[in-house]
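Undergrad: So the sequence lines, in the order shown, correspond to chains A and B. Take the first sequence: its position 132, counted from the start at 1, is 132 in full-length UniProt numbering, and no numbers get skipped. Take the second sequence: its position 10, counted from the start at 1, is 10 in full-length UniProt numbering, and no numbers get skipped. Sending over a structure as structure tokens; questions will come in a sec.
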Amino acid sequence: MCEDGPVVTVTLEERVLARNDDLARANRELLTARGIRAINLMSSPGSGKTTLLERTVRELRQPVAVIEGDQRTPLDADRIRAAGAPVVQVNTGAGCHLDAAMTRRALDDLDPPPGSLLFVENVGNLICPSLFDLGEHARVVIVSVTEGADKPLKYPYMFAVADLVVINKTDLLPYVDFDVDACRRHIAAVNPGATVLTVSATRGSRLPDWYAWLSGGAG
Amino acid sequence: MHELAIAENIVDTVCTRAAGRPVRRVTVRIGALTAVLPDAMRLCWDLAATGTAAHGAALDLDLRPAVVFCRACRTDQRLPDMIPLCPCGSADVTVTTGRELHIVSMEVA
Ligand SMILES: [Zn+2]
Chain A
1 MCEDGPVVTV TLEERVLARN DDLARANREL LTARGIRAIN LMSSPGSGKT
51 TLLERTVREL RQPVAVIEGD QRTPLDADRI RAAGAPVVQV NTGAGCHLDA
101 AMTRRALDDL DPPPGSLLFV ENVGNLICPS LFDLGEHARV VIVSVTEGAD
151 KPLKYPYMFA VADLVVINKT DLLPYVDFDV DACRRHIAAV NPGATVLTVS
201 ATRGSRLPDW YAWLSGGAG
Chain B
1 MHELAIAENI VDTVCTRAAG RPVRRVTVRI GALTAVLPDA MRLCWDLAAT
51 GTAAHGAALD LDLRPAVVFC RACRTDQRLP DMIPLCPCGS ADVTVTTGRE
101 LHIVSMEVA
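Below, the structure is given as structure tokens:
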């Protein structure tokens, strides 16, 4: 026994992310009270997420605001701003995900107008963001047909928490080896409840489905 | 490396609860369906604890497998992967263990 006295075991039984989850709940209540619907947007780099957002900002008949959680450059934020939406960029530093506290600080800066649609563009990776509730109302995962159709099986954590999966860049299907049906099966295997949409953000094809989902209050 | 953020969360919580007493050991329960890798957690632990009341504390991991209850064949089944499917072929299952991410207990001096 060491000199600083007896060792005592203290039972905690506390959720590791209790603090984050409490902050996330507060964020969600704040947003809901202002009639703002928040979407946590997750993908790997190169999924065409920014192009989809630019187009959404231009075409959706509802004010859009964006929290941009990109580690790399302000380029994506500049594109969204040029499309006409207020943007706040969050510097996650070495962090691989946004958390509820970062989201709250960004919300205070951004102050999105009541009744708007808020996109939180999470850091581009398909593992870490799945653990952290930001206070969003729905989670969207974007994959593109230039990635593997087995992506849902390789990153099941992320696909398992998605309310909606958007398969983007369908205009490239003639040029790539991507089996949409197989991808849909893999998504259904890890998350039977997820909605799946196929779109081309650059061509605009089937984007009405996306806009309908966004305004439908699903999730 | 979200395990570092997770480890920092745990260190914050136990140090607050320890109220200045040195923390000797922390037990954490991790389910197989969380995106937290045990090896990465062990790697991050010392780094997260350095300079805090949990400096040098041992980390015990209580690893829980992914188990589902199948309503079709009314059995508990351990999943070999992240796919919520019973070996009987039914997807009508409820996850019973595997989603845990809890600080179970700590030892303080
Ligand atoms: Zn069964």
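For glycine and all other residues, C-beta sits at the position ideal for the given N, C-alpha and C. Note that this is a predicted model, so its numbers are computed, not measured.
1) Could you work out which residue in A26(A), S130(A) and I187(A) is closest to R105(A) when comparing CA atoms only?
2) Please decide whether C183(A) counts as near chain B, where near means a Cβ-Cβ distance under 7 angstroms.
3) Hey, could you find the ends of the beta strand (DSSP E) V141(A) is sitting in?
4) Which residues in the same chain as P208(A) place their Cβ atom closer than 8 angstroms to its Cβ, once the five residues preceding and following it in sequence are excluded?
5) Where DSSP assigns a beta bridge to G31(B), which residues make up the other side?
6) From what residue to what residue does the alpha helix (DSSP H) around H2(B) run?
7) Report the residue ranges of all alpha helix (DSSP H) runs contained in full by the UniProt domain "CobW/HypB/UreG nucleotide-binding" (39 to 197) of chain A; include only those spanning at least 4 residues, in chain order.
8) Among the candidates A77(A), A38(A) and D179(A), whose CA atom is the shortest distance from the CA of P112(A)?
9) Is any heavy atom in ligand 1 found nearer than 6 angstroms to the beta carbon of S90(B)?
10) Helix, strand or coil: which one does DSSP assign to C44(B)?
11) Measure from the alpha carbon of D21(A) to the alpha carbon of each residue in P174(A), D133(A) and C128(A), then state which is nearest.
12) Restricting to Cα atoms, I'd like to know which of H102(B), I103(B), V104(B) and I83(B) is closest to T94(B).
13) Could you tell me the distance, in whole angstroms, from the CA atom of I167(A) to the CA atom of H55(B)?
14) Let me check understanding here. Comparing Cα to Cα, which of A72(B), D62(B), T50(B) and P87(B) lies closest to D12(B)?
15) Is the stretch 20 to 39 of chain B close to the stretch 96 to 108 of chain B, with three or more CB pairs under 8 angstroms?
16) Would you report the Cα separation of S44(A) and T96(B), rounded to the nearest angstrom?
17) Between the stretch 96 to 108 of chain B and chain A, which residues of the former have CB atoms less than 8 angstroms from a CB of the latter, in chain order?
18) Closer than 7 angstroms by C-beta to L110(A): which residues in its own chain qualify, once you throw out the five before and the five after it? Chain order, please.
19) Just reading off the alpha helix (DSSP H) that E29(A) is part of, what are its end residues?
20) Can you pull the chain A neighbours of M41(B), defined as C-beta to C-beta under 7 angstroms?
TA: Once the coordinates are examined:
1) Ranking the options by Cα distance to R105(A), first place goes to A26(A).
2) Judged by the 7 angstroms Cβ criterion, C183(A) is not in contact with chain B.
3) Its beta strand (DSSP E) spans residues A138 to S144.
4) Closer than 8 angstroms at Cβ, skipping near neighbours: no residue.
5) G31(B) is bridged by DSSP to R64(B).
6) Counting along the chain, the unbroken alpha helix (DSSP H) around H2(B) starts and ends at H2 to A18.
7) The UniProt domain "CobW/HypB/UreG nucleotide-binding" (39 to 197) of chain A contains these whole alpha helix (DSSP H) runs: 49 to 59, 75 to 83, 100 to 110, 151 to 154, 156 to 160 and 180 to 190.
8) Of A77(A), A38(A) and D179(A), the residue nearest in Cα terms is A38(A).
9) For S90(B), the shortest C-beta to heavy atom distance toward ligand 1 is below 6 angstroms.
10) Per DSSP, reduced to three states, the secondary structure at C44(B) is helical.
11) The shortest Cα separation from D21(A) among P174(A), D133(A) and C128(A) belongs to D133(A).
12) It is I83(B) whose Cα lies nearest to the Cα of T94(B).
13) One C-alpha to the other measures close to 46 angstroms.
14) For the set A72(B), D62(B), T50(B) and P87(B), the Cα lying nearest the Cα of D12(B) is the one of T50(B).
15) Flag = yes, the stretch 20 to 39 of chain B and the stretch 96 to 108 of chain B touch.
16) In this structure, the straight-line span from the alpha carbon of S44(A) to that of T96(B) is close to 30 angstroms.
17) So the list reads L101, H102, I103, V104, S105, M106, E107 and V108, given in the order they occur along the chain.
18) A65, I67, P86 and V88.
19) Here the alpha helix (DSSP H) through E29(A) covers A18 to A33.
20) In chain order: nothing, as chain A lies at least about 10 angstroms away.
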